[in-house]
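Residues 4 to 154 (the working numbering) are what the sequence shown spells out, left to right.
These notes concern the structure reproduced below.
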Amino acid sequence: MTTRVRRTTEQSLLHQLADELLRFGKRRHAAVEGVELESSAFKLLWVLSDDQPKTLRELADELGLDLSTINRQVNGAVRAGLLERFTVPGSPSRPVRSTAEGRRLYEHDSAVHADLLRSVLAEMGPDAARDLIRSMGAFNDAYERRAPHRR
4 MTTRVRRTTE
14 QSLLHQLADE
24 LLRFGKRRHA
34 AVEGVELESS
44 AFKLLWVLSD
54 DQPKTLRELA
64 DELGLDLSTI
74 NRQVNGAVRA
84 GLLERFTVPG
94 SPSRPVRSTA
104 EGRRLYEHDS
114 AVHADLLRSV
124 LAEMGPDAAR
134 DLIRSMGAFN
144 DAYERRAPHR
154 R
């Protein structure tokens with residue numbers, strides 16, 4: 004294959020990948036019918052769904068967001084009654100955990116999202132769904148190895 008053909012093929016693949024990533028990214032902001040939580044609150048509750056309290060730094064690292072963004076989102080979730088801060092004796096940090104209401108709404112919204120994903124995967128068929136999941140894992144693994152890490 005000539006260099007020119009290889010470059011054109013590579014450019015085409017990069018363009019197609021960018022298009023699909025943009026389409027996928029739109030889903031982050033699309034409202035799913037029946038959910039009650041804002042996207043940022045759902046993500047915070049998802050990270051806390053293991054019932055292990057987390058510090059703001061741990062949440063920021065897990066979600067790949069700046070500490071100031073996490074602080075703002077946590078403050079909003081605390082005001083909404085979804086999260087609570089608490090004191091750990093001998094520690095300067097005040098970790099956060101889900102409240103009963105936060106857990107209830109997270110479980111509700113998780114079920115709504117699961118139903119939607121179940122129907123999408125069913126439409127794709129089991130082989131295509133397995134291929135997609137395997138390919139997404141390989142893409143994410145390679146991306147994490149190659150992309151510079153923010154700190």
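Glycine residues also receive a C-beta, built at the ideal position from the N, C-alpha and C atoms.
Because the structure is a prediction, the values reported are computed rather than measured.
Alpha-carbon to alpha-carbon, residue j and residue i
i, j, result
"Leu124", "Ala103", "31 Å"
"Gln76", "Ile136", "29 Å"
"Gly128", "Ser122", "10 Å"
"Leu85", "Lys29", "25 Å"
"Ser101", "Arg26", "31 Å"
"Gly37", "Ala114", "10 Å"
"Leu17", "Thr6", "16 Å"
"Arg133", "Leu70", "35 Å"
"Ala150", "Met139", "16 Å"
Among the options, nearest to residue i - alpha-carbon criterion
i, options, result
"Arg88", "Ala80, Arg97, Arg82", "Arg97"
"Glu41", "Leu108, Asp22, Glu13", "Leu108"
"Glu39", "Arg82, Glu110, Gln14, Asn143", "Glu110"
"Lys57", "Gly28, Ser94, Glu23, Asp22", "Ser94"
"His116", "Arg133, Phe45, Glu126, Asp134", "Phe45"
"Arg106", "Leu120, Ser138, Val81, His18", "Val81"
Boundaries (first-last residue) of the beta strand (DSSP E) holding residue i
i, result
"Glu87", "86 to 88"
Span of the alpha helix (DSSP H) around residue i
i, result
"Ser122", "103 to 127"
"Val50", "42 to 50"
"Gly79", "70 to 82"
"Arg60", "59 to 66"
Rounded distance between the beta-carbons of residue j and residue i, thought under 8 Å
i, j, result
"Val35", "Leu120", "Contact doesn't hold; Cβ gap of about 10 Å is too wide."
Sufficient close CB pairs (3 or more, under 8 Å) joining the segment 64 to 76 to the segment 34 to 50
A contact is defined here as three or more CB-CB pairs under 8 Å, and the segment 64 to 76 meets this definition with respect to the segment 34 to 50.
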